[in-house]
Each structure stands twice: as C-alpha cells, then as structure tokens.
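One structure is given here, and the rest of the page talks about it.
4 protein chains.
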Amino acid sequence: MAEVLIVYATDHKGTLRLAEALAQGVESVQGCTAKLKTAEEAVADDVLAADALVLGTPVHMGCMDWRVKKFIDQHCAGLWMGDKVVGKVGGVFACGSGYGGAGGGCELTMLAMLNNLAELGLVLVPLPKNSLGYAQGGLQWGPYGRAHNEDLSPIEGGLPAERAQAARQHGKNIARVAQALAGKAIFG
Amino acid sequence: MAEVLIVYATDHKGTLRLAEALAQGVESVQGCTAKLKTAEEAVADDVLAADALVLGTPVHMGCMDWRVKKFIDQHCAGLWMGDKVVGKVGGVFACGSGYGGAGGGCELTMLAMLNNLAELGLVLVPLPKNSLGYAQGGLQWGPYGRAHNEDLSPIEGGLPAERAQAARQHGKNIARVAQALAGKAIFG
Amino acid sequence: MAEVLIVYATDHKGTLRLAEALAQGVESVQGCTAKLKTAEEAVADDVLAADALVLGTPVHMGCMDWRVKKFIDQHCAGLWMGDKVVGKVGGVFACGSGYGGAGGGCELTMLAMLNNLAELGLVLVPLPKNSLGYAQGGLQWGPYGRAHNEDLSPIEGGLPAERAQAARQHGKNIARVAQALAGKAIFG
Amino acid sequence: MAEVLIVYATDHKGTLRLAEALAQGVESVQGCTAKLKTAEEAVADDVLAADALVLGTPVHMGCMDWRVKKFIDQHCAGLWMGDKVVGKVGGVFACGSGYGGAGGGCELTMLAMLNNLAELGLVLVPLPKNSLGYAQGGLQWGPYGRAHNEDLSPIEGGLPAERAQAARQHGKNIARVAQALAGKAIFG
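Chains as they are written, first to last, in our numbering: chain A, 1200 to 1387; chain B, 1200 to 1387; chain C, 1200 to 1387; chain D, 1200 to 1387.
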C-alpha cells in the first residue's frame, strides 16, 4: 500500500495529461493510490500524508513554472526545516513546447525540482532507458512530454501516446519503490 | 556608458545588501549606472532599457525564490519569444542561510537563473577566482553571500564585508563587459 | 544482504578517507558488505555483482576527476546500453580543496556522477539534512569532505571527524535502501 | 583579430564535423582564426595563446568524454590556479547519439564543460534562439548535433546541415565577442 501525491502546474493541459498518465501508472500497482493536486491547491499536509511526492511542470525558460516553485517555498521548505518527510520517495516529470531538438532546457528543469526532493531527503526514482515510451518521451530523470514539434508547430492530437506511456511507466515504478520502502527505517 | 538592471528578491535583507554592493560596483565604473528593482516591481520594459540584466535571489530549497521565477515567467519569457534582448550581458548572485559547508544548493540556484539568461541570449559573466572577496564569498558563477554560519547560527553584523566585496567586484566586471559590448552587433 | 561497490579516485587521500568511512557505514548494517575499488581497477563485472554503486571523486574544475569519467565511459556505458543494472541503488560523494565558501563546484560535480547513475537506472539515495555530520560535511546529494579551509590552507589532521561521519551515515543509508530493494522487481 | 582554440574529442566524427563547422564560422569573421586540437593534443600553452577557448564533446552518460576531462584536469587546472586566462572568452558544443527525444543528457554535459570555463574566468557565449539552425541543432548553452535519430538509427548522410549551421553561427558569435573584448581590462 502506498499513496503517491502528484503536484503539478499546467498551461495548455500537456503537463496535466502527463500527470494523469502517471496517476494511471500508480494505480495499476495493486494497493497503490494516486492523488493529483495543482501546485496552487497542494499544501504541506498532503505531502505528509503521502508515501511519495512527484512534481511535474511545464518547462519555462529552463526551469520549473513559478507556481511549482511557490508550492516548494511555501509548503515544502517547512517540511525540510523539520525533517518531516525524510525517507519518502520522489520523482519528477516535465512537458515542453520544446523549441530546438534538445529538450529546450528540460534537464535543468527536472534537476531544479529534484534538488528540492533531495533536500527533503526523498529516495529518487529515475526513468530507465528500457521503459516503454522512452525513445519518444524519456529522459534519465523522468518522462518528458511535448505537444509541439521542434519548430514549435503543434503536434496533431496533442501529447503523443508514447510520451504518455513513459509517464505511466514512471508512475508504476515510483509506486513500487514507495511500496518497497514503506514502513522501513532507512535513514538516521 | 551602460545601464545595469539588478532584479532581486529578499527575505531578511541579505540578498538586498548583496544587490546594493553589486550596484556600487557598477557605479564605480565611469559612465555606468545601476537600477535596482525587486522581482515584484520589475517588468519587461526595464530589461529592454538596460544593457545588462543581473538576477539575485535567496537560496530556497536549491533553487531561486519563486518571486524571481514569476518575474522570469511573466516578463522574460516574452522577451525570449521575440528575441528582444539577444546580445545584452547577464550575471547572477545568491544569498543563503547555507546549512552545511557546501553552499546549500547555491550552485544549482545560480544555474537555474543563468539558464534563463542563456535562453535570452545574454553574454554571461562569471566571477573569476582572483576577485576580491572570493575566498569568503565567491563561486565561479557569481558571488554567494551568507548571513548565517554552517550550523544556521546568525553571523554577527550580518553579511560579512568580504562577501559584499565579491558582489561589488561582480558589479564592476559586469558593467565593464556591458560597456565593451554595447552597440556592437555580435549575434546574427 | 547487500553488497555495495564504492568506486573512487583520490589524489591526497581525502576522497579515499571518505570512501573508507562510507564503507564502515555500509558494514555497520547487518548482512551488508562494502567493496572498495579505485576507478582504475573497477570493471563492469564489479558493478554487475553489486547491489549498489557509489561513486566518489575529488572536485576538479567543477566536475569529477577524469579517471572516474574514464571508468564510466569504458565500463558503465555498456551496462547502460544493455540495461544490465536497472533497479540497483546508487549514491555519490566528493572531496574538495574547496576554494571559496560555497563548495567550489561540488554540486555540479555530484550531479555529473548522479547523471550517470540515473542513466543506468539506479534508485538514488540523497543525504538528508538530519544526518550526523551534515552541518560540516553535508550536501543534499551526498557527503562533501574537504581537507583544506576556504582559503586553501590545509586543515590540521586532515579530513575532520564530522565529515567522515556524514560519509559513514551515507554508507549506512545506501546499504539499507539496497537491502530493502534487493530482489524486488521494481522497473519494467 | 582574435584566435579561437577549439578543443574536442570525437568517436565517429560527429563532434569533429561540428568542430569544423564552428571553425568555419570563426574564420568567416574578418581577422579571426580558428585552431582545432583534439583533447589529447591540446596543452595549456594553446589556451594561453588563444583569445577564446571552445570545448566540444560527444555526450557520454550525461557528461563530457573522459578525454576532454583529462585535458581539463591536466592542462586547465594549472591555468585556473594561476589565474592565467581570466577575461578570455568561452563556449561549448556537444554531439550525441541522443537516445530519447530530450537530448540524452546534453544539457548537463554542456554545463559540466561550462563549469570549467567559468572557473577559468572566461566570459561565456550562449547560443541565442534566433541563430540559424537552432530549431534543429540548438540548445541555449551551445549547438547540439546528432547523427542518429531518437531511436538510435543513424541519420543518412551523417550530421544534418541545420546542425552544422548552428555550429557555424556559434563560432561566428564567439569570434565576435572575443574580438570585442580583446585587449580590454575587464576583470580585477
């Protein structure tokens, strides 16, 4: 049994769709439940109640959306100060318009969120290369969706299926790690 | 002649003091002026009017303060989309409580801001090791102030003089690069 | 039962001492063993045989020592290509002369190693703030030792005890996570 | 007049081709010359003699090739220690097989090299979004070439023209910044 909290911001629903796919992946693991909250809704108690925290964001100027950062500053910083969530599990995902063929800054974006998760003391789950959908939507730090092509033209039908697939796989992986570590005293 | 815009957020005035020291450094260069704005005041037109943009932030959970990110998302993203400030000059600085002896995430914090400046097409000014104050307050990406010791106890008198010195030096360097590049067609 | 492989390079024994402290931490967990290899000795089979891989390096110009990178390029790249170690556990540590009061590039150094571990598909263990020795020798990504002061003068007696303590704690944490995940099918 | 030194490693000539394109860009600026050296040939004196240093690498496991790092450790570290190249100009580029649609770690790879350049005190030149070829081969930190598709199948004809174009543009930009700053006392 594990509860995975997914906190995200979204502009044009690309990140929302990834969040939903990730939640499906979580719930495909027996006994696991996913809880989706926008960065504006989520509070510290949501994190305390969960076994895993996943952060998702559109890529904006090579970093997370300011609303995700506001959630971190206002709700996670206190958890860090009090060592309240050490030993839970964490992961990230991102979605970009992705101008250019190299992810448009998605790597530093994911690392900016992972840095917060590392400070909180969470065990971090990467996205292995052999995950379903990786060739289209994978980065080692987590799934990367994009609803636009390299030249910024929109992809017909929105987020491609392979990219949603990578997000589902990530949700599944995170749920399993959370389950394996739940109730174990790892740190301290 | 060059105008350097310094955009910052501050909690307990540590970052503000660094910003003021940086502004002094800018104005020590003949013909250069500094303009200080909080991240909540600054708008795109301020960036357009300046020759250089410097971003400063407290270190919060290994990344910039959400108010600085909001400024970037709401005022810089449009400048990026329109290629409006390509070839100007950029730099960063940060201030942390700094728990632990390794900067508490200041390096990724500075890189998160530099990523935005790189996307805008700004020529980036580092802080060389031989800068005044570097041994106390330097990181290769910019000055790093802290008003607390490694164990989070406050440093008496606030920001130490050496750290302000590194910020002054950084302001001076950025003003000089901005002056050297002003009016030159570098890109395109 | 878990075996933790520690691969490191060392110049003046600072990183070696951290590696030894980390190994002590591993072996303080019942049923866990540590294996130390220099980056020049270690080969792919060592990684295959272990449950966890820990990389340690001196900080050189803001990145890992070239010998550690050579180990990654020549022995880990093939493991990545073949998805051979997905689901094992990973962690990092670093040691710097540390000019300047902000870690001298230790954060990007650790991330450069973590990037390799993430690509291999390893579950990553951070160093929580409440770890013993953190105030002296902790960074969220792993323990950071330094045998020199901020002004590059040597610390008498070499690596301070608190810094070794953080490394021991990290070893203990990594061993426990490896034990908790051993034999579990997490990914795929 | 400015001399730009390009130091690179190459496996299957992808990075070499980018280096050559970058050199063409440099030499398209009147009075500027490019010098290409492999990471195994280049020495500290080459850097001392140049006005700008550009580092290029294949992307291997999310970081630069070990030969580039060996060049940095053995030839650049001394330049850093002696503050010998402060105020010169720097830039980077990378080439990847690029499994997955997000650059396969190219961003941290470029940052690992930029970290060295920042420590040396070089003024850093990004690649603006409006550069020729950016939609195919651009990242904010520099040009990113790839001779394989997202699924690792080879691109017919090798490095696509648009990617070489981004590299040429980067060479041109770096040469111009080097020319504008040559002989100016910026730092100190």
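Think of the CB as a built atom: it goes at the ideal place given N, C-alpha and C, for glycine as much as any other residue. Quick caveat: nothing in here was measured; it's all calculated off a predicted structure.
Terminal residues of the alpha helix (DSSP H) in which A/Phe1386 lies: Per DSSP, A/Phe1386 belongs to no alpha helix (DSSP H) and is neither H nor E.
Give the residues from the segment 1222-1256 of chain C that approach chain B closer than 7 Å (Cβ to any Cβ), ordered along the chain. none
Practice problem: Could you work out which residues of chain D lie near C/Asp1272, taking near to mean beta carbons separated by less than 8 Å? | Solution: His1259, Met1260, Asp1264, Trp1265
What does C/Cys1275 touch in chain D if you count any residue whose Cβ is under 7 Å from its own? Met1260
- Query: In whole angstroms, what separates the C-alpha of D/Met1263 from that of B/Gly1230?
  - Reply: 41 Å
Exercise for the section: Within the same chain, show all residues whose beta-carbon is closer than 6 Å to that of C/Lys1383, passing over the 5 residues directly before and after it, in chain order. Expected result: none
* To do: With a floor of 4 residues, list each alpha helix (DSSP H) that falls wholly inside the segment 1238-1308 of chain A, ordered by position along the chain.
  => 1243-1248, 1265-1270, 1276-1280
Of all the CB atoms in chain C, is at least one closer than 8 Å to the CB of B/Gln1368? no
Against chain D, with Cβ distances strictly below 8 Å, would C/Gly1304 count as a contact?
yes
Using DSSP's beta-bridge definition, name the partner residues of C/Lys1212. C/Lys1212 is not bridged to any residue.
Check your understanding: How is the alpha helix (DSSP H) around A/Leu1380 delimited, first residue to last?
Key -> 1360-1380
- Task: Please go through the same chain and pick out, in chain order, the residues whose beta-carbon is closer than 6 Å to the beta-carbon of C/Asp1188, but skip the five residues on each side of it.
- Result: Since the first and last residues shown for chain C are 1200 and 1387, residue 1188 of chain C lies out of range.
inquiry  = To the nearest angstrom, how far is the alpha carbon of C/Ser1298 from that of C/Thr1308?
reply    = Correcting the residue type first, residue 1298 of chain C is Tyr in the shown sequence and not Ser. Roughly 15 Å between the two C-alpha positions.
- Check whether the segment 1314-1334 of chain C touches the segment 1369-1383 of chain B, taking contact to mean three or more Cβ pairs, one atom from each stretch, closer than 8 Å. no
Determine whether the Cβ of C/Ala1311 lies closer than 8 Å to any Cβ atom of chain D. yes
| query | Taking 7 Å as the line, does the beta carbon of B/Gln1339 fall inside it for any heavy atom of the ligand MG? | reply | You won't find the ligand MG in this model; it holds no ligand whatsoever.
Review point. Do you know how far the Cα of B/Tyr1207 is from the Cα of B/Arg1266?
Key: 9 Å
*Look up D/Glu1202 in the DSSP assignment and say whether it is helix, strand or coil.*
strand
So if I threshold CB-CB distances at 8 Å, which residues from the segment 1325-1347 of chain C count as touching chain B? Lys1328, Tyr1333, Ala1334, Gln1335, Gly1336, Gly1337, Leu1338, Gln1339, Tyr1343, Arg1345
Would you kindly work out how many angstroms separate the C-alpha atoms of A/Thr1256 and A/Gly1344, rounded to a whole number?
10 Å
message: Alpha carbons only, please: which of A/Lys1234, A/Ser1227, A/Lys1287 is nearest the one belonging to A/Leu1215?
response: A/Lys1234
C-beta neighbour in chain A for B/Leu1307, strict 8 Å: yes
- Query: By how many angstroms is the C-alpha of B/Leu1204 removed from the C-alpha of A/Phe1270?
  - Reply: 28 Å
(message) With a threshold of 7 Å on Cβ separation, who are the neighbours of B/Asn1315 within its own chain once the five nearest residues in sequence on each side are excluded?
(response) Ile1271, Cys1275
**OP:** Below 7 Å between beta carbons is the criterion; list the residues of the segment 1209-1220 of chain B that meet it against any residue of chain A, in chain order.
**Re:** none
Checklist entry - On the three-state DSSP scale, how would you describe B/Val1225? => result helix
Checklist entry - Going by other Cβ atoms of all chains shown within 10 Å of its Cβ, with 16 needed for buried, is A/Gly1224 buried or exposed? => result buried
Query - Counted within 10 angstroms of its Cβ, other Cβ atoms place C/Leu1162 as buried (16 or more) or exposed - result: No statement about residue 1162 of chain C is possible, as the shown extent of chain C runs from 1200 to 1387 and does not include it.
### C-beta atoms of B/Leu1338 and B/Gly1289 nearer than 8 Å
no
Inset, instruction - State buried or exposed for D/Met1280, treating a residue as buried only when at least 16 other CB atoms are found within 10 Å of its CB. - result: exposed
Pick out whichever of C/Gly1387, C/Ala1381, C/Ile1385, C/Phe1386 has its Cα sitting closest to the Cα of C/Met1200. C/Ala1381
| said: Considering just the uninterrupted stretch of the beta strand (DSSP E) at C/Gly1344, what are its terminal residues? | reply: 1341-1345
*asked:* Tell me which residues share the same chain as A/Glu1239 and place their Cβ nearer than 7 Å to its Cβ, disregarding the 5 neighbours each side in the sequence.
replied: Arg1266
Practice problem: Compute the Euclidean distance between the alpha carbons of B/Cys1305 and B/Leu1319, then round it to the nearest angstrom. | Solution: 22 Å
Please confirm whether A/Lys1287 has its beta-carbon closer than 8 Å to some beta-carbon of chain B. no
Report task. Run down chain D in chain order and give the residues with a C-beta less than 7 Å from the C-beta of C/Lys1269. Result -> Trp1265
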